[in-house]
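Okay, so here's the structure we're looking at.
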Amino acid sequence: MVTVEYCQTMARYNAWQNRSLSTCIKALDDTALRQDRKAFFGSIWKTANHLLWGDQLWMSRFDGGHGPSTGIPDSVGLHDDTQLWLDDRLRTDQRIERWAGKLRQVDLVGPLVWHSGAANKTMIKPTALCVVHFFNHQTHHRGQMHAMLTAAGQRPDDTDLPFMPD
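The opening residue of the sequence shown carries number 796 in my numbering; numbering runs sequentially from there.
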């Protein structure tokens with residue numbers, strides 16, 4: 796069963812990992828960020844944009860707030876400017892932590908209903924499953940970014956949950 800504590804831990808983990816990746820992103824120039832590295836979305840920059848887009852989309856489904864109006868193909872172009880991306884990343888991570896901090900166990904029970912642009916239909920899935928997907932999606936794409944940043948000469952922090960600072 797997915798618990799409130801799981802969500803709060805994963806929200807903290809998300810913010811911790813994104814701070815590490817953001818430090819590495821700030822250290823690279825635009826050429827290195829946008830270089831095609833043969834990852835699923837190509838570059839560090841496109842992957843970072845897609846990840847932020849996905850976080851904002853899922854949060855809009857969870858908290859009813861604002862989300863992106865573009866689809867997956869356009870997700871890689873969410874931001875052109877590094878500082879704007881960094882600021883938006885920080886705000887989004889804070890939004891995720893606020894959501895998790897207010898979460899009650901009953902909020903994780905029952906269906907989540909939304910329109911999927913990718914599937915072009917109304918989706919109805921268990922909320923808990925969607926929350927697990929949300930955190931898994933983050934980890935998946937941050938892993939890709941970690942590998943690309945390491946290949947670009949950066950040193951992202953450890954990614955192991957037991958080593959997350961208190």
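Glycine residues also receive a C-beta, built at the ideal position from the N, C-alpha and C atoms. Keep in mind that this is a model prediction, so the values were computed, not measured.
Please tell me whether residue i and residue j are closer than 9 angstroms, where the distance is taken between their beta carbons.
i	j	result
A895	Q803	yes
H941	T954	yes
L903	L873	no
T826	Q900	no
N809	Q939	no
R814	E892	no
K841	R829	yes
Nearest by alpha-carbon distance to residue i: which of the options is it?
i	options	result
N931	G849, E800, K841 and S817	G849
T887	N844, G912 and I867	N844
A785	W811, Q812 and G866	Beyond the ends of the chain as shown, which are 796 and 961, falls residue 785; an answer cannot be given.
K833	M959, Q949, G948 and M943	M943
G862	D883, Q878, A946 and D952	D883
Residue i to residue j, Cα distance in whole Å?
i	j	result
K916	W909	8 angstroms
D858	S911	17 angstroms
L898	L956	21 angstroms
Q889	H928	19 angstroms
F958	R856	30 angstroms
P868	D961	37 angstroms
Looking at the C-beta of residue i, does it have a partner C-beta in chain B at a distance below 9 angstroms?
i	result
R899	The chain labelled as chain B is not found in the depicted structure, where only one protein chain is given.
Q: Enumerate, from N- to C-terminal direction, the unbroken beta strand (DSSP E) stretches of 3 or more residues contained entirely within the region 865 to 948.
A: Runs of the beta strand (DSSP E) inside the region 865 to 948: 906 to 911 and 916 to 921.
(Q) I'd like the ranges of any alpha helix (DSSP H) spanning at least 4 consecutive residues and lying wholly in the region 798 to 875. (A) For secondary structure counted as the alpha helix (DSSP H) over 4 or more consecutive residues, the region 798 to 875 holds these complete runs in sequence order: 799 to 822, 825 to 829, 839 to 858 and 867 to 870.
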